[in-house]
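Taking it in order: structure first as structure tokens, then the write-up.
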Amino acid sequence: MQNNMPKRALSLTLAAALIVSVCSGCSKKSDDAPEATEKPRQAVYKLTDAAVTKDETVFINISPGGEVKKVNVTDRLHTDMPQVRIEDKTDLKNVADVKTFIEPVIKGDKMYWDMDSTDLYYNGVSEKEPPMSVSVKYYLDGEEISPDKLSGKSGEVKMTVTVTNKLTKSVKLGGKSYSMQCPMLFLGGMIMPEETFSEVTTDNGVILGDGAHKLVCFMGVPGMSKSLGLDSIGLSALGNALGRSSYTVTCKAKDFALGNMMFVAVPFSSIRALGFSDVSVSVDGMKDMLSDLENLMNSFASLDINGMIQVLYGNAEQIETLINAVGDASKLYEENKALIDMLNKYITDGNLDALERVLNDLEKIDTDSIGQLANYKPFKNLVNLISKLDKNLGNLVQFTQDYLKIAPIFEDINNDLKNAEIKNAIDNLPQTIKKLRSLVDVLRQSEDLLKQTSKVFNSKSIKKIMDFANSIETNESLNKLTKAQAQHLAERLQAWLDFGESYSIFTQRTSNQTSSVVFVYKAEAI
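Numbering (my numbering), first residue to last: 423 to 948.
So, in structure tokens, the structure goes:
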């Protein structure tokens, strides 16, 4: 199974951890009567049955202890064609287009958006309970203490983060029922200033430092051990390493004060890098899957999530633009993959050298004289033209020989150009170039942002991360299983992954929509 997780994991973590800034407006009171304002008017387009992508981000504001205060949802709708009406479905309240604040057309349990461009963003408030809950307990010198009373205190501090995956279902395998929790990758972190915190430790995570702050990051797949029954077959170590539901941070504090803790939950259906649909119900497939899961978690471990949040917290709009640009670039690559592959096949050093020789040969030929010979009228010029031909004859022979060497390449290219995908890519080149120019503009505007982000990585941090990642030995543990145990685990793994694939939306979607969802939790500062 090929593994290209790091780049894709970076894109996914950026998308999950960076959309944390929510804009709020304010209004001024006036003694004068307000002028009547006309509501925005939206053009009306023809309804399309084309496929629509719905990417959903759920923002959960929680107390320092984990109590849910508010759930805001932002949805991005994408269609390949602009100026169309699309069908949508949601259970959000106070739904409005983020940019224009235009409300959708409601008909029964469906709503319709008239899209001026290929992308539309809207948000709303949800009254539903998120599928994953977070609870944080605080201890001072061994005694539990409420976060408000901990503020300003000094001493030995312990913080325990407990995650509960509430999205469960019963699965029957071999005549028995098993309770499974929907697989979600959970990431959490906090920034701890060194002037306030010292001797910081954490289990199942990594601690990075920049000389002024300790950056604590931890991750896992809560409910994995129970869903797969790892403890019952002697794989508790694997369950503890990958499937932790509880994380502890200890430290010495002086005048305790802590900023926002951030948590991200990503359903497996939203992690495209793993390709769950390719995992077969087999022992080898199971080993590959668990190995890929390790690699994915290692990729996440290599990201300083808190550093990113701090760098990018005030740039939510730019981040959104950058993330969408990355997605558009990926889509452009897929649309033009056949053409790119064809060009890669022919643009080789050998072919370029051969073509250069042909062009050099052509430059040596006096083409004007050759043309005159073909169209001469006065007989008296014949001798003069023949003398010119004699001078070019050697060059013509060399040109012919070199051209015949590369002629088969042109023939192959001509055959490849008959491919429908390549023809379509060539026909769409003007639009592709226009999109590429737009993407380049976005990248230029984001240059400073990207430079800042790159500063959160260094060789020492990477070494710490790799030491942590290498402590997990999946295959060695799996090889100790009996054949029956391995087969049963493979079946449970497949059922678990199928459950994960089925969950890709928090609100609602229509039948012609594909979707993804990410949950971002932000705890109040203490």
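Just so it is clear, CB atoms sit at the ideal spot from N, CA and C, and this is done for glycine as well.
Roughly how many angstroms lie between the CA atoms of Asn662 and Lys902, to the nearest whole one? Position 240 of the sequence shown, counted from the first residue, corresponds to residue 662. Position 480 of the sequence shown, counted from the first residue, corresponds to residue 902. Between Asn662 and Lys902, the alpha-carbon positions lie close to 18 Å from each other.
Based on DSSP bridge pairs, tell me the residues matched to Thr479. For this step, residue 479 is matched to residue 57 along the sequence shown. DSSP lists Thr496, Val940 as partners of Thr479.
Count Cβ pairs between the segment 669-686 and the segment 918-932 that sit closer than 8 Å; are there 3 or more? no
Could you give the residue range of the alpha helix (DSSP H) that holds Phe921? Numbered from 1 along the sequence shown, position 499 holds the residue referred to as residue 921. Its alpha helix (DSSP H) spans residues 905-924.
What residue range is occupied by the uninterrupted beta strand (DSSP E) comprising Ser601? As a working note, residue 601 is residue 179 in the sequence shown. Segment 598-603, the beta strand (DSSP E) holding Ser601.
Mark Glu478 as exposed unless 16 or more other C-beta atoms lie within 10 angstroms of its C-beta, in which case mark it buried. As a first step, residue 478 must be located in the sequence shown, where it is residue number 56. Answer is buried; the Cβ neighbour count reaches 16.
What does the Cβ neighbour count give for Met503, buried or exposed, with the cut at 16 atoms within 10 Å? Against the sequence shown, residue 503 aligns to sequence position 81. Burial call: exposed.
When you compare only the Cα positions, how much space is there between Glu489 and Leu630? Numbered from 1 along the sequence shown, position 67 holds the residue referred to as residue 489. Numbered from 1 along the sequence shown, position 208 holds the residue referred to as residue 630. About 28 Å.
Would you kindly work out how many angstroms separate the C-alpha atoms of Asp471 and Glu551, rounded to a whole number? Taking the sequence shown and counting its residues from 1, one reaches residue 471 at position 49. Taking the sequence shown and counting its residues from 1, one reaches residue 551 at position 129. Here the C-alpha atom of Asp471 lies approximately 32 Å from the C-alpha atom of Glu551.
Please name the residue, chosen from Gly564, Asp570, Asp563, Ala679, that lies closest to Glu617 on a Cα-to-Cα basis. Looking up residue 617 in the sequence shown gives position 195. Residue Ala679 is the option with its Cα nearest to Glu617.
Can you say whether Ser691 is buried or exposed, counting buried as having 16 or more other CB atoms within 10 angstroms of its CB? As a first step, residue 691 is located in the sequence shown; it is residue number 269 there, counting from the start. Ser691 is buried by the Cβ-count criterion.
Tell me the rounded alpha-carbon separation between Lys759 and Leu774. Here residue 759 is taken as the residue at index 337 of the sequence shown, counted from 1. Here residue 774 is taken as the residue at index 352 of the sequence shown, counted from 1. Rounded to whole angstroms, Lys759 to Leu774 spans 21 Å at the Cα level.
Quick check on the DSSP output: the alpha helix (DSSP H) that includes Ala663 runs from which residue to which? Numbered from its first residue, the sequence shown carries residue 663 at position 241. Residues 658-664.
Here's the rule: buried if 16 or more other CB atoms are within 10 angstroms of the residue's CB, otherwise exposed. What is Gln853? In the sequence shown, the residue the question calls residue 853 occupies position 431. Gln853 comes out exposed.
Residues that DSSP places opposite Tyr467 in a beta bridge: Mapped onto the sequence shown, residue 467 falls at position 45. Paired residues: none, contrary to the question.
With a CB to CB cut of under 6 Å and the five nearest residues on each side skipped, what residues in its chain are close to Asp541? The residue you call residue 541 lines up with position 119 of the sequence shown. So the qualifying residues of the chain are His500.
First through last residue of the alpha helix (DSSP H) which encompasses Lys571: Looking up residue 571 in the sequence shown gives position 149. Per DSSP, Lys571 belongs to the alpha helix (DSSP H) from 569-572.
Taking the beta carbon of Val527 as the centre, do at least 16 other beta carbons fall within 10 Å, making it buried, or is it exposed? Along the sequence shown, read from residue 1 onward, the residue named residue 527 stands at position 105. Exposed, by the Cβ-count rule.
Rounded to whole angstroms, what's the CA-CA distance from Tyr467 to Met533? Just pull it up for me. Along the sequence shown, read from residue 1 onward, the residue named residue 467 stands at position 45. Along the sequence shown, read from residue 1 onward, the residue named residue 533 stands at position 111. In a straight line, the C-alpha of Tyr467 is about 14 Å away from that of Met533.
Whether Thr590 touches Ser667 by CB criterion (8 Å): The residue you call residue 590 lines up with position 168 of the sequence shown. The residue you call residue 667 lines up with position 245 of the sequence shown. Cβ atoms of Thr590 and Ser667: not closer than 8 Å.
From the DSSP output, in three-state form, read off Glu946 for me. The residue you call residue 946 lines up with position 524 of the sequence shown. Three-state DSSP puts Glu946 in coil, outside helix and strand.
Can you tell me whether Thr770 is buried or exposed? The criterion is at least 16 other CB atoms within 10 Å of its CB, across all chains shown. Position 348 of the sequence shown, counting from 1, holds the residue named residue 770. By the 10 Å Cβ count, Thr770 comes out exposed.
Span of the beta strand (DSSP E) holding Glu843? Locating residue 843 in the sequence shown gives position 421, counting from the first residue. Careful: Glu843 lies outside any beta strand (DSSP E), inside the alpha helix (DSSP H) at 842-849.
Please report how far the alpha carbon of Gln907 lies from the alpha carbon of Ile655, in whole angstroms. The residue you call residue 907 lines up with position 485 of the sequence shown. The residue you call residue 655 lines up with position 233 of the sequence shown. Rounded to whole angstroms, Gln907 and Ile655 show a C-alpha spacing of 7 Å.
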